Every structure is written in structure tokens, then in C-alpha cells.
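Heads up, the thing below is written out as C-alpha cells.
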Amino acid sequence: MIRKKIKVAQDRQKNYHDQRSKPLEFQVGDHVFFRVSPITEVDRALKSRKLFPKFIVPFEVLSRVGPVAYHISLPPNLSNLHHVFHVSLLRKYIPDPSYVIEPDPVQVQENLS
1 MIRKKIKVAQ DRQKNYHDQR SKPLEFQVGD HVFFRVSPIT EVDRALKSRK
51 LFPKFIVPFE VLSRVGPVAY HISLPPNLSN LHHVFHVSLL RKYIPDPSYV
101 IEPDPVQVQE NLS
């Protein structure tokens, strides 16, 4: 009797979760943001984790490793990290040209006096 009620509650919770979540899948060549967390050790040297972004620059997906892990290309400064990450640490990068900020042209004068 109790097991039956537990099973019913678990099924209800699973159904609720499945309706509101969508599985993340990436293709080889896609770009993804990488979640920075204390587990990944990227922010160990930072004094203020509060002000540091949660996701950092987009990286390219090199291959899929298993059903929920991806091999991504990391820059040399992050070479101490493992290159395979769970899908929960990644977020799809959608390029948007409106976010590109063009710098103002800089004019240098030779005579500074």
C-alpha cells in the first residue's frame, strides 16, 4: 500500500518534470557556453565569485561522449581542466549581431603639446 502511493507520487513528479524540461543536445561544430562553478576550478583564483559571470566565452563542440557528455575545445589557459563536460554545465550559444559593440575610432595626434 505504501509502496504503491510512493510509486504514484514518483510518477506524478516525473511527469511534472518531463513536461517542463527539454533535453539539451548539441551537434558537432555548435558553440556552447561553459558554466563556471567551484567544481570546475576555473574561478579558484578569483577574489570575488559574486561578480564573475556564470557562463564564459563560447567553445566549439568537438564530439559527443556518451548520451549526456560532450568534448569541447578549451583554450590553453584552461588546459588544466578535463575537456569532457556534462550537458548540465553547457548552454547553447546563439549568435546575435545586435550584441556586438563597435568601438569608437581612436584618433592619435602626434603633437601632444
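In terms of full-length UniProt numbering, the sequence shown has 90 at position 90, counting the first letter as 1, and numbering is strictly consecutive. Note that the Cβ used here is the ideal one computed from N, Cα and C, for glycine as well. Just so it is clear, the structure is predicted and the values come from calculations on it, not from any experiment.
So if DSSP puts residue i in a beta bridge, which residue, or which two residues, is it bridged to?
i: H86; result: A69
i: I56; result: F34
i: S63; result: H71
Kindly indicate which three-state DSSP category residue i falls into: helix, strand or coil?
i: V106; result: coil
i: K92; result: strand
i: N111; result: coil
i: L24; result: coil
i: S79; result: coil
Since residue i and residue j are thought to touch, with beta carbons under 8 Å apart, how far apart are those beta carbons, to the nearest angstrom?
i: V87; j: V68; result: 5 Å
i: F55; j: F85; result: Rounded, the Cβ-Cβ distance is 12 Å, inconsistent with contact.
Determine, using beta carbons only, whether residue i comes closer than 8 Å to chain D.
i: F26; result: Although the question refers to chain D, the structure presented lacks it and comprises just one protein chain.
Apart from the five residues just before and just after residue i, which ones in its own chain have a Cβ nearer than 7 Å to its Cβ?
i: L74; result: F59, L81, H83
Cutting at 8 Å between CB atoms, please list the residues of its own chain near residue i, excluding the five before and the five after it.
i: R64; result: F26, V28, Y70, H71
i: I2; result: none
Excluding the five sequence neighbours on either side, which residues of its own chain have a C-beta within less than 6 Å of the C-beta of residue i, listed in chain order?
i: L90; result: V32
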